[in-house]
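Note sheet for the following structure.
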Amino acid sequence: MRRHATTNEPRAIQSYVHVMEHLGRSVVVSTCGLMGRPSCPWLGATPDRVVYDPREDPPFGLIEAKCPWSKRADPLSTALASEDFCVQLNDGIPELKVSSEYYAQVMGQMFCSGFKWTHFVVYAEKWIVVCKVVLSESTWIVMKSKLDSFYFNHAVPFVASLHEMSHDTPLGQP
Numbered sequence: 068m069r070r071h072a073t074t075n076e077p078r079a080i081q082s083y084v085h086v087m088e089h090l091g092r093s094v095v096v097s098t099c100g101l102m103g104r105p106s107c108p109w110l111g112a113t114p115d116r117v118v119y120d121p122r123e124d125p126p127f128g129l130i131e132a133k134c135p136w137s138k139r140a141d142p143l144s145t146a147l148a149s150e151d152f153c154v155q156l157n158d159g160i161p162e163l164k165v166s167s168e169y170y171a172q173v174m175g176q177m178f179c180s181g182f183k184w185t186h187f188v189v190y191a192e193k194w195i196v197v198c199k200v201v202l203s204e205s206t207w208i209v210m211k212s213k214l215d216s217f218y219f220n221h222a223v224p225f226v227a228s229l230h231e232m233s234h235d236t237p238l239g240q241p
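Okay, so the sequence shown: first residue is 68 according to this note's numbering, each after it adds one.
Spelled out as structure tokens, the structure:
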């Protein structure tokens, strides 16, 4: 299943560019790597692409593409009617469900990168859906608080305890 996503991600991006061109939007897509904020070095994100869309304000954003194995053969209408699908229609406009696991991922990517919007792409061989997701500062503050708490109250003490069990020297010493 992971291989399906890895294999199809470039197709999803190509299809996204084609759809955007069909809509009269000349987007420029670039690869990217790990992104992080100097003020929060314990957080990082790896979005699929950075996109320049001159019709957006601001014109730079992110792309996160998903190629769901479980929906690969479904018609789009069947996928959209499915409770476990990450996208829903709101007045005919596709939107990423806030309850989707991908919503938190996209919020984190926008925070870490400093970009304010993401085109969330869901791709199957016979269809594509593009949702614009805008960074919600209030939602992100709640999410970040939980991440910070987990990191400082659980992850750091756990790693420190592993180090103490395996070394006689203090953490950070050779």
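A virtual CB, placed ideally from N, CA and C, is assigned to each residue, including glycine.
In or out: residue i buried (at least 16 other Cβ within 10 Å) or exposed?
i, result
"residue 80", "buried"
"residue 131", "buried"
"residue 175", "buried"
"residue 232", "exposed"
"residue 227", "exposed"
"residue 116", "buried"
If you follow the alpha helix (DSSP H) that residue i is in, where does it begin and where does it stop?
i, result
"residue 201", "Unbroken run through residue 201 is the beta strand (DSSP E), 194–201; no alpha helix (DSSP H)."
"residue 169", "168–180"
Put residue i into one of helix, strand or coil per three-state DSSP.
i, result
"residue 74", "helix"
"residue 185", "strand"
"residue 214", "helix"
"residue 97", "strand"
Compute the beta-carbon to beta-carbon distance between residue i and residue j, rounded to the nearest angstrom, for a pair I have assumed lies under 8 Å.
i, j, result
"residue 192", "residue 139", "7 Å"
"residue 154", "residue 118", "Their Cβ separation, rounded to whole angstroms, is 18 Å, which puts residue 154 and residue 118 out of contact at 8 Å."
"residue 127", "residue 182", "6 Å"
"residue 169", "residue 152", "Incorrect: roughly 11 Å between the Cβ atoms, too far for contact."
"residue 194", "residue 156", "The pair is not a contact, with the Cβ atoms about 13 Å apart (cut-off 8 Å)."
Name the two residues that bound the continuous beta strand (DSSP E) containing residue i.
i, result
"residue 219", "Careful: residue 219 lies outside any beta strand (DSSP E) and carries neither H nor E."
"residue 110", "107–112"
"residue 116", "116–119"
Problem - Start-end ranges of the alpha helix (DSSP H) lying completely within the segment 123–165, minimum 4 residues - result: 143–148
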